[in-house]
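Reviewing the structure listed below.
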Amino acid sequence: MPASSSSLRPALVLWLYAAAITHILAGLTLTWAGDSGLLDGYLQVLELSFWDADAVPTAGHEQQVWWLALFGATLQSYSLYMLALVHLGNRLKAPAIWGWLSAGILLWAPQDMWLSAQQQVWSHLWLDGFALLVLLPPLFWLYRHDRRNSPSVKTPSQSNPFAGGAFKRVLITGGTGFIGEALVNQLLDAGHSVSVLTRDPLDAANLFNGRARCVHSFSELSHDEAFDVVINLAGAPVAGPRWTPKRQAQLLASRVGTTEALITWLKHTKHKPTLWIQASAIGFYGVRDASESLDEHASKGDGFMAELCARWEAAAQPATEFGVRQVVLRLGVVFGPGGALTPLLMPLRLGFGGRMGDGRQIMSWVHRDDVLQVIARAFNDDTLRGIYNMVAPETVSQAAFAEQVGKVLKRPVWLHIPAAPVRALAGEMAQLFFDGQRVVPQRLTEAGYTFRYPTLDAALRDLT
Numbered sequence: 001m002p003a004s005s006s007s008l009r010p011a012l013v014l015w016l017y018a019a020a021i022t023h024i025l026a027g028l029t030l031t032w033a034g035d036s037g038l039l040d041g042y043l044q045v046l047e048l049s050f051w052d053a054d055a056v057p058t059a060g061h062e063q064q065v066w067w068l069a070l071f072g073a074t075l076q077s078y079s080l081y082m083l084a085l086v087h088l089g090n091r092l093k094a095p096a097i098w099g100w101l102s103a104g105i106l107l108w109a110p111q112d113m114w115l116s117a118q119q120q121v122w123s124h125l126w127l128d129g130f131a132l133l134v135l136l137p138p139l140f141w142l143y144r145h146d147r148r149n150s151p152s153v154k155t156p157s158q159s160n161p162f163a164g165g166a167f168k169r170v171l172i173t174g175g176t177g178f179i180g181e182a183l184v185n186q187l188l189d190a191g192h193s194v195s196v197l198t199r200d201p202l203d204a205a206n207l208f209n210g211r212a213r214c215v216h217s218f219s220e221l222s223h224d225e226a227f228d229v230v231i232n233l234a235g236a237p238v239a240g241p242r243w244t245p246k247r248q249a250q251l252l253a254s255r256v257g258t259t260e261a262l263i264t265w266l267k268h269t270k271h272k273p274t275l276w277i278q279a280s281a282i283g284f285y286g287v288r289d290a291s292e293s294l295d296e297h298a299s300k301g302d303g304f305m306a307e308l309c310a311r312w313e314a315a316a317q318p319a320t321e322f323g324v325r326q327v328v329l330r331l332g333v334v335f336g337p338g339g340a341l342t343p344l345l346m347p348l349r350l351g352f353g354g355r356m357g358d359g360r361q362i363m364s365w366v367h368r369d370d371v372l373q374v375i376a377r378a379f380n381d382d383t384l385r386g387i388y389n390m391v392a393p394e395t396v397s398q399a400a401f402a403e404q405v406g407k408v409l410k411r412p413v414w415l416h417i418p419a420a421p422v423r424a425l426a427g428e429m430a431q432l433f434f435d436g437q438r439v440v441p442q443r444l445t446e447a448g449y450t451f452r453y454p455t456l457d458a459a460l461r462d463l464t
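Just so you know, UniProt numbering puts 233 at position 233 of the sequence shown, and the rest follows in order with no gaps.
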């Protein structure tokens, strides 16, 4: 799925959310502002369709206000239904929901336009035409997009790296995140059994169309049930608010706390998994000079990110004491539909792309498809164990990244974002944008893994 599609979809969904909320507010206005004089102009247009200008009875005006209030209450109700359907359509990615919304609009607008034309209420024709223009194209696009990408019409199973192997029972934390959602869907499509540990089981169950078992805590997992693979991806996004002590504690708890709880569950379960796949990040190496090439044997760096990653990995390490094969993936910036690439591309799409700071900071990145391919290989290759840098072979500077994106998107690259004011506002968190490290996938290369997207150009052309 192209990144252009992935970035357009949330924008269209947001537009539909806004349209539904606007209709709710309009309904409130119609219901409660009829006597205020605010709607006198509109009421006069309606009244003149039935009476002469000097012959509008008082009772007729009052009746119009009453009907308008009743219509406003109805509009609020149906707009709330629209809001709910947009939410479900967004979460379930079910094309039928966009189809029903489109059918509702097509059922209402032409009839309203016909009846309004009969009474020469031309303003309704303009309003209805505008509604059709701004609502139907997004709904049609979303229908086609989600239908094209629904499980029933996806590409053949050979493109799914989890298809064709032995049946696995998989427990996943962080299964609703950027990597996790794609991973769970591929596992389910390939016929594996998936249990997702999540803060919101109902939302997760909707996300996966009820195909995955979704639980809120480890207490819902019996000590007698068995899992073949545990995949630990849980962790709050590091990009966001300043890394205040409170924020740092939240980031640590979401990773280290969850992992420690997972280890506690592992100690008590009767049937140990054979494989534990542990997420980490190249932030483990801290901020390094661009000339330094970092393989898996490089030492831990300094700073909060390095400490966060080190403690995350250390929390998972006791799994090996139970004879569980562990694969740790130190992830670079993961590019894929709807991930970190979307906000990076947005200013460039709008023609405001350019250099961040001096632009010399190194970006070690990886395509999400390669992450999923390596996870799938770990399922079946017992020789994979230990720490792996999950980054593409080609690293680029931020300036080179901007230039490459500009070339692919055919957009100018001219803007310079100085580092100092952003660092002043964001604190240590700004290192995510203005610092970097040159990380190499040494062990994956030695293991014979061939990247599907080894170069930035290949990844961008797939995702844009």
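Think of the CB as a built atom: it goes at the ideal place given N, C-alpha and C, for glycine as much as any other residue.
Please read all numbers here as calculations on a predicted model, not as lab measurements.
- Proximity of the region 365-374 to the region 392-399 meets the contact definition, three or more beta-carbon pairs being nearer than 8 angstroms.
- Residue 327 sits in a strand when the DSSP states are folded into three classes.
- If the five residues before and after residue 226 are omitted, its C-beta is found closer than 7 angstroms to the C-beta atoms of 169, 271, all from its own chain and listed in chain order.
- DSSP places residue 160 in the coil class of the three-state scheme, outside both helix and strand.
- Just so you know, the alpha carbons of residue 319 and residue 202 end up roughly 29 angstroms apart.
- For residue 197, the enclosing beta strand (DSSP E) starts and ends at 193-197.
- In the DSSP assignment, residue 214 forms a beta bridge with 196.
- Per DSSP, residue 26 has no beta-bridge partner at all.
- For residue 248, the enclosing alpha helix (DSSP H) begins and ends at 245-252.
- Each of 437, 283, 32 was checked against the Cα of residue 293, and the nearest Cα belongs to 437.
- If you draw a straight line from the Cα of residue 237 to the Cα of residue 243, it is about 11 angstroms long.
- For residue 248, the CB contacts under 7 angstroms within the same chain, skipping 5 residues up- and downstream, are 304 in chain order.
- The alpha-carbon separation between residue 403 and residue 413 amounts to approximately 6 angstroms.
- By the neighbour-count definition (other C-beta atoms within 10 Å, threshold 16), residue 134 is an exposed residue.
- Collapsing the DSSP output to three states places residue 167 in coil.
- Residue range 386-390 is occupied by the beta strand (DSSP E) that includes residue 390, with no alpha helix (DSSP H) assigned at that position.
- Distances from the alpha-carbon of residue 289 to those of 106, 435, 10 put 435 closest.
- The DSSP-derived three-state label of residue 294 is strand.
- Of the other Cβ atoms in all chains shown, fewer than 16 fall within 10 Å of the Cβ of residue 268; this residue is therefore exposed.
- Taking a contact to require three or more Cβ pairs closer than 8 angstroms, the region 172-186 and the region 198-212 qualify as touching.
- Under the 8 angstroms Cβ criterion, the region 120-131 does not count as touching the region 179-188, having fewer than three qualifying pairs.
- Between the region 272-288 and the region 215-235, the count of Cβ pairs shorter than 8 angstroms is three or higher; the stretches touch.
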